[in-house]
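Heads up, the sequence shown is in the numbering used here, so the first residue is 529 and it goes up one at a time. Notes to accompany the following structure.
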Amino acid sequence: MPTVRSVALGLGLVLVAGTALAQTQTEPRGVPVEAPVLTGATLDASCGNLYGMAGQAFCVTAPLAAIGTLAEAYVAHFEAEGWIPAAGDDNRVVFVKRLPGGGCEGMQLQAFYDTNRPASPEAPGYIGMATIPGDVCAAPAPTTAPASPMSPSAQ
Numbered sequence: 529m530p531t532v533r534s535v536a537l538g539l540g541l542v543l544v545a546g547t548a549l550a551q552t553q554t555e556p557r558g559v560p561v562e563a564p565v566l567t568g569a570t571l572d573a574s575c576g577n578l579y580g581m582a583g584q585a586f587c588v589t590a591p592l593a594a595i596g597t598l599a600e601a602y603v604a605h606f607e608a609e610g611w612i613p614a615a616g617d618d619n620r621v622v623f624v625k626r627l628p629g630g631g632c633e634g635m636q637l638q639a640f641y642d643t644n645r646p647a648s649p650e651a652p653g654y655i656g657m658a659t660i661p662g663d664v665c666a667a668p669a670p671t672t673a674p675a676s677p678m679s680p681s682a683q
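Written out as C-alpha cells, the structure is:
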C-alpha cells in the first residue's frame, strides 16, 4: 500500500501511457470526482488538453516543482474524507472507500505533465482525479466453472 511519501513527485515524473484515467472509448469510464481546489492549485477543466482527460477527470494545475507537495495535500484531503490509499506508483494513487452494503467505490489521483515540453520547475504539472467504474472490491469472476460436489456414491 502506498504511503503519502510514495506520491511525492519531482522533475523525474514519468507518465505511463494508457493509465486507467485514459482508458479507451470502449471500456467503462470514470467520471470526475468532486474535490476542492487546494491552495497552490488552479482549476483546469481542459486537463492541459493532454491524454484525453478533459471531461473525464477533475484536474488542477500548478508548477511542476509544486506538484509533489500538492499531490500529498490531495492524498491527505481524501484520507480525511474516508478514502483509503490501496495501490499506486510514483505518479498515481488508487483509493477505495467501503460501501455500507458491501463492496467498494474507487477513485484515482494521477499526476502528469506534457512530455513534449521541457520538464522545468516552472512548467505546468497536472493532477487529475476520477472515479473507477464498478465495484473495485468485487471478487473477480471465476475463469472456470466451480467443481460440483461429489455425490455420496462417488466417494
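Note that CB positions come from ideal geometry on N, CA and C, so glycine has one too. In this text the structure is predicted, and so the values were computed from the model without any measurement.
- Each of N644, K625 and R557 was checked against the Cα of A582, and the nearest Cα belongs to R557.
- In the three-state reduction of the DSSP assignment, G596 falls in the helix class.
- In this structure, DSSP gives V565 a state outside helix and strand, which the three-state scheme calls coil.
- Beta-carbon to beta-carbon, L592 and Y641 are separated by about 6 Å, close enough to satisfy the 8 Å threshold.
- Between the C-alpha atoms of S648 and A594 there is a straight-line separation of about 11 Å.
- With 16 or more other CB atoms across the displayed protein chains lying within 10 angstroms of its CB, P613 is buried.
- In the three-state reduction of the DSSP assignment, A582 falls in the coil class, being assigned neither a helical nor a strand state.
- As the crow flies, the alpha-carbon of P652 is around 30 Å from that of E633.
- No residue range can be given for A651, since it is assigned to no beta strand (DSSP E) and is classified by DSSP as neither H nor E.
- Counting only the Cα atoms, G629 lies some 14 Å from G662.
- Per DSSP, the continuous beta strand (DSSP E) segment holding G634 begins and ends at C632 to Y641.
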